[in-house]
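Student: For the record, the sequence lines run as chains A and B. Each residue of the first sequence is one higher than the one before, counting from 3 in our numbering. Each residue of the second sequence is one higher than the one before, counting from 3 in our numbering. Virtual Cβ for every residue (Gly too), placed ideally from N, Cα, C.
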Amino acid sequence: MKKNAGYCLSLDGDDSFVLKVGSGDGKPYKLEWARRFPAVPENLDRQTSEIAKSRSSVVQLLPGQDVSLMTVMLPGMSSKMLSASLRGIMANEKGGSSDDWIVDFKSGPGRSAVKGGESRSRVTAVFAGKELVAGHWNGARELGCEPEAILPGYLALEQLLRRNNPEIIEGGGWILVYLGKKERFLCVGDEEELLLSRILPEDLSGGVEEEEYLGKLVVEIERSNFFAKQAESSIEVRRLVICGEPGMADKLANMLSEKASQEVVRWRPEDLFSAGEGAKPHSNVLMLAAAAGVLHGFRYNLLPPDGRRSVCSRVRRKSTIAVSALAAGILPALLIGGLWTSRVQNGFLRDAEERLNDLRKRSALAAEAYVHNHALKECQANIDEFGGGQQELAKVLGGIAVRTPGKIVFDAMDVGNDPGGGLRLTLRGRSVARNGEIAQRAFLGFLESLDRYKGLKKTREPLYVEIAGEEDDEGKTNSRVAFTLEYLIVGGKGE
Amino acid sequence: MRNLSTIKSFMNRRRAVAVTAVMAWCLLFFLGALPAVQDALENVGRIRSTSAEMESLAEMSAAGVWFEAVVLYSGKDLQDEYDRLFPKEKQREELFLHIARLAKSNGIDPFTLREIAILPSDGGGEDSDTETYDAAEEELSLIVEQFAIDVSDLPDTGLRTFRLAIGFDADYGRLMNFIEDIESVPRALKLHRLSVEPATGGITVAMEIDYYAQRAY
Chain A
3 MKKNAGYCLS LDGDDSFVLK VGSGDGKPYK LEWARRFPAV PENLDRQTSE IAKSRSSVVQ
63 LLPGQDVSLM TVMLPGMSSK MLSASLRGIM ANEKGGSSDD WIVDFKSGPG RSAVKGGESR
123 SRVTAVFAGK ELVAGHWNGA RELGCEPEAI LPGYLALEQL LRRNNPEIIE GGGWILVYLG
183 KKERFLCVGD EEELLLSRIL PEDLSGGVEE EEYLGKLVVE IERSNFFAKQ AESSIEVRRL
243 VICGEPGMAD KLANMLSEKA SQEVVRWRPE DLFSAGEGAK PHSNVLMLAA AAGVLHGFRY
303 NLLPPDGRRS VCSRVRRKST IAVSALAAGI LPALLIGGLW TSRVQNGFLR DAEERLNDLR
363 KRSALAAEAY VHNHALKECQ ANIDEFGGGQ QELAKVLGGI AVRTPGKIVF DAMDVGNDPG
423 GGLRLTLRGR SVARNGEIAQ RAFLGFLESL DRYKGLKKTR EPLYVEIAGE EDDEGKTNSR
483 VAFTLEYLIV GGKGE
Chain B
3 MRNLSTIKSF MNRRRAVAVT AVMAWCLLFF LGALPAVQDA LENVGRIRST SAEMESLAEM
63 SAAGVWFEAV VLYSGKDLQD EYDRLFPKEK QREELFLHIA RLAKSNGIDP FTLREIAILP
123 SDGGGEDSDT ETYDAAEEEL SLIVEQFAID VSDLPDTGLR TFRLAIGFDA DYGRLMNFIE
183 DIESVPRALK LHRLSVEPAT GGITVAMEID YYAQRAY
């Protein structure tokens, strides 16, 4: 994510400085403000709080003389091994142990050398003493900010050059000379990477012997050119890029134009920055370059390992912000939502209670009607079961009497409940005549007429039939058909 | 040093603001938002139960319109008929007198009339209201209990069964007339048994008639 503003912090005792750079108006960058600490103490709060809030947009500048640049050809190895090797080299050269150094490096992807059959890559590394860096970093922390990067001014300036004026460094090697009030250095590099940097001597005459001093600088430049040619990764310098304090830089550029064989370019990095009235961007070029680098990101960073904000800490910080935002947002939602919902619900419940009371009254009436209705249904069921139509037994008996011939005499008649429902009629009787034919004919006629009678239903053949002779009171022999018949009484409607 | 103390004071202020904000948040959350949300959640349960009760009562009220209409339009006639067919238990002497009058009007004399017990083999021993106590009955009793309905005015639907034994000597014609008269009695009667046997100068009749009465409480 591209940042909108970058801050550069330089702690140098009473000469500490902080400035802010943002996107420019018509120029690549804009110097928003710059403050020297002791000079404007009443404004310190505002600026300090601003850089404390913008901790991820702050770069801290180290003095160039405290940072070493080294270019070596090394065989391919892992990043960890490479780091250990570079710190070992530095410890050998400068003393101490390898743990006393902080290193950051880049392996040149484009250039490799073959020596003794072994493939090697050009590695550019920057070093600084761990204690020195920690001292600067702790100083920044006391101000309430944790810089995201620490680097020397020449790296910031070199990156500014590459980023904004790539045409200057095209076509071969170059030497970038910076003549500032506090720092003076030169860097040698090519299109891909820096090769070396050197601190230039100060003008001890205080400007009195300027010509002589400029001559010394020219000699330093020529030496550096020679050194670059002799180095393992040889560089042919084609351009001399001069920048810094206008007076001194102009004079050196003029001198070099006359003496040097390379093309001389007077580069004005301060022109890349717009500024308000009274501001002098050229007096803080290194800090401006570093702050502008925040907007794009840095290739090198000498931040101590415990100062680097890990992915976890970044995630934690973003999570904290997200959770805080969520908590801040959810609270009114819960509070207002809960209260409002509760209010609406209570209103509903109040209305519902009134409706419930009304419904309870109506339901009580309905329940009473339901119970009454249920009782009526049971009454109807009882009426259907017990109060049903009579069997009209009298009519059936009358029907039987009408159909009974004179020869038939009943001995017994029983009416009882049939197991299948209804009434069952059992008739026991006799048919008596002078001869058997008449008695039998009378019985059969009676049987046929009962079978046709719709008030009765024949369920079975006669239970008992006996044909025999018998003597009457006068001693005459009669013929007799004794029988037992059984019918279901259907009803008198068949009459 | 003055600058440093200013910076530290700023940092402390920041920390104090953060702590105050967290405390204020907790205060608002635990004293304001959480009770409000809990209240709303509890109300959800109350609304659900209230809605269910309203729905149930509304259904009952709607059904009640139908029940009331049925009771209004056919209830009285049905109850009158029921009371006619199944008078109260204590009114059964009226039936005895009625049957005796019928016998007398048909010239049946002598005449015996007595109430007998119903044997278990004839389905006796249980009242006709001995029905299974099913779910509908349980629901009904719950409704009666819930709405405290007065059921004393309602007809008793649990009928008791009684049996009359009638014996007399007559002829076949009188028997038919007597039976026809009994069939015209305006209450529920059911012939259980009729036995007719020849006798000197006529027939001997033994009858058993079942009748039903509402229980007397």
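When the distance is taken between beta carbons, is residue 245 of chain A closer than 7 Å to residue 271 of chain A?
Tutor: Their beta carbons are under 7 Å apart, which means residue 271 of chain A touches residue 245 of chain A by this criterion.
Student: Along chain A, in chain order, which residues have C-beta atoms closer than 7 Å to that of residue 157 of chain B?
Tutor: The answer, in chain order, is 377, 381.
Student: Chain B partners of residue 343 of chain A, CB-CB under 7 Å?
Tutor: The contacting residues are 42.
Student: Should residue 226 of chain A go down as buried or exposed, given a rule of 16 or more other Cβ atoms within 10 Å for buried?
Tutor: Counting Cβ neighbours within 10 Å, residue 226 of chain A comes out buried, since at least 16 surround it.
Student: Given that a residue counts as buried once 16 or more other Cβ atoms are within 10 Å of its Cβ, and exposed if not, what is residue 234 of chain A?
Tutor: Under this definition residue 234 of chain A is an exposed residue.
Student: What would DSSP say about residue 19 of chain A, mapped onto helix, strand or coil?
Tutor: Correct three-state label for residue 19 of chain A: strand.
Student: Let me check one thing: in DSSP terms, what residues is residue 228 of chain B bridge-paired to?
Tutor: It is not possible to answer for residue 228 of chain B, since the shown part of chain B is limited to 3 through 219.
Student: For residue 46 of chain B, does the three-state DSSP call read helix, strand or coil?
Tutor: Residue 46 of chain B: helix per DSSP, three-state reduction.
Student: For a contact meaning CB atoms closer than 8 Å, what does residue 373 of chain A contact in chain B?
Tutor: Neighbours of residue 373 of chain A on chain B, chain order: 142, 145, 146, 151, 153, 156.
Student: Would residue 73 of chain B count as contacting chain A if we go by Cβ distances under 7 Å?
Tutor: Yes, contact with chain A.
Student: Can you give, in chain order, each stretch of the alpha helix (DSSP H) that sits fully within the stretch 76–109 of chain B and has at least 4 residues?
Tutor: Within the stretch 76–109 of chain B, the complete alpha helix (DSSP H) runs of at least 4 residues are 78–87, 94–107.
Student: Comparing C-alpha positions only, which one of B:199, B:206, B:203 sits nearest to residue 412 of chain A?
Tutor: Checked all of B:199, B:206, B:203; the closest Cα to residue 412 of chain A is B:199.
Student: Take residue 112 of chain B as the anchor and find which of B:173, B:178, B:217 has the nearest alpha-carbon.
Tutor: Nearest option by C-alpha distance: B:173.
Student: State the start and end residues of the unbroken beta strand (DSSP E) segment that holds residue 240 of chain A.
Tutor: Element bounds for residue 240 of chain A: 239–246.
Student: Are any of the Cβ atoms in chain B nearer than 7 Å to that of residue 199 of chain A?
Tutor: With 7 Å as the cut-off, residue 199 of chain A does not count as an interface residue toward chain B.
Student: What do you reckon, are the CB atoms on residue 237 of chain A and residue 230 of chain A nearer than 7 Å?
Tutor: In contact: residue 237 of chain A and residue 230 of chain A (Cβ atoms closer than 7 Å).
Student: Between the stretch 188–201 of chain A and the stretch 65–85 of chain A, do at least 3 Cβ pairs fall closer than 8 Å?
Tutor: Touching, yes, given that three or more Cβ pairs across the two stretches are closer than 8 Å.
Student: On the CB-based measure, 16 or more other CB atoms within 10 Å of its CB, does residue 133 of chain B come out buried or exposed?
Tutor: Any reading at residue 133 of chain B must be qualified, since the residue scores a pLDDT of 49, below 50, and its modelled position is unreliable; the value itself is stated next. Flag for residue 133 of chain B reads exposed.
Student: Does any residue of chain B have a CB that is nearer than 7 Å to the CB of residue 62 of chain A?
Tutor: False, the Cβ-Cβ gap to chain B never drops below 7 Å.
Student: Could you check which residue in A:353, A:396, A:79, A:90 has the C-alpha nearest to that of residue 493 of chain A?
Tutor: For the residues A:353, A:396, A:79, A:90, the minimum Cα distance to residue 493 of chain A belongs to A:396.
Student: Give me the chain A residues within the contact set of residue 81 of chain B, using Cβ-Cβ distance strictly less than 8 Å, ordered along the chain.
Tutor: Near residue 81 of chain B (Cβ distances below 8 Å), the residues of chain A are 378, 381.
Student: Assuming residue 293 of chain A and residue 8 of chain A form a contact by the criterion Cβ under 8 Å, report the distance between their Cβ atoms to the nearest whole angstrom.
Tutor: With a Cβ gap of about 4 Å, residue 293 of chain A and residue 8 of chain A count as contacting.
Student: Under 7 Å, CB to CB, which of the residues in the stretch 354–365 of chain A have a partner in chain B?
Tutor: Listed in sequence order: 354, 357, 358, 361, 362, 364, 365.
Student: Considering only residues of the same chain and omitting the five flanking positions on each side of residue 250 of chain A, which have a CB-CB separation below 7 Å?
Tutor: Closer than 7 Å at the Cβ level, and outside the excluded window around residue 250 of chain A, lie 181.
Student: Quick one: which chain B residues come within Cβ less than 9 Å of residue 11 of chain A?
Tutor: Those do not exist, as residue 11 of chain A stays about 13 Å from chain B at its closest Cβ, beyond 9 Å.
Student: Step through the CB atoms of chain B and report whether any lies within less than 7 Å of the CB of residue 349 of chain A.
Tutor: By this cut-off, residue 349 of chain A is not an interface position.
Student: State yes or no: is the C-beta of residue 85 of chain B within less than 7 Å of the C-beta of residue 163 of chain B?
Tutor: For residue 85 of chain B and residue 163 of chain B, no; Cβs fall outside 7 Å.
Student: So what's residue 479 of chain A in DSSP terms, helix, strand or just coil?
Tutor: Of the three classes helix, strand and coil, the one that applies to residue 479 of chain A here is strand, per DSSP.
Student: So, does the stretch 161–176 of chain A touch the stretch 325–345 of chain A, judging by three or more C-beta pairs under 8 Å?
Tutor: Taking 8 Å as the limit for Cβ pairs, the verdict is that the stretch 325–345 of chain A does not touch the stretch 161–176 of chain A.
Student: Are the beta-carbon atoms of residue 116 of chain B and residue 215 of chain B separated by less than 7 Å?
Tutor: Not closer than 7 Å, so no.
Student: Specify the secondary structure class of residue 8 of chain A as computed by DSSP and reduced to three states.
Tutor: Of the three classes helix, strand and coil, the one that applies to residue 8 of chain A here is strand, per DSSP.
Student: Find the nearest neighbour of residue 189 of chain B within the set B:178, B:201, B:179, B:98, judged by alpha-carbon distance.
Tutor: It is B:98.
Student: For residue 130 of chain A versus residue 104 of chain A, is the C-beta distance shorter than 7 Å?
Tutor: Contact flag set, yes.
Student: Along the stretch 418–452 of chain A, where does the CB come closer than 7 Å to a CB of chain B? Name the residues.
Tutor: Cβ contacts with chain B come from 418, 419, 425.
Student: Would you tell me roughly how many angstroms separate the C-alpha atoms of residue 105 of chain B and residue 207 of chain B, rounded to the nearest one?
Tutor: Rounded to whole angstroms, residue 105 of chain B to residue 207 of chain B spans 12 Å at the Cα level.
Student: Does the CB of residue 201 of chain B have a neighbour CB from chain A at under 7 Å?
Tutor: Residue 201 of chain B does not count as touching chain A.
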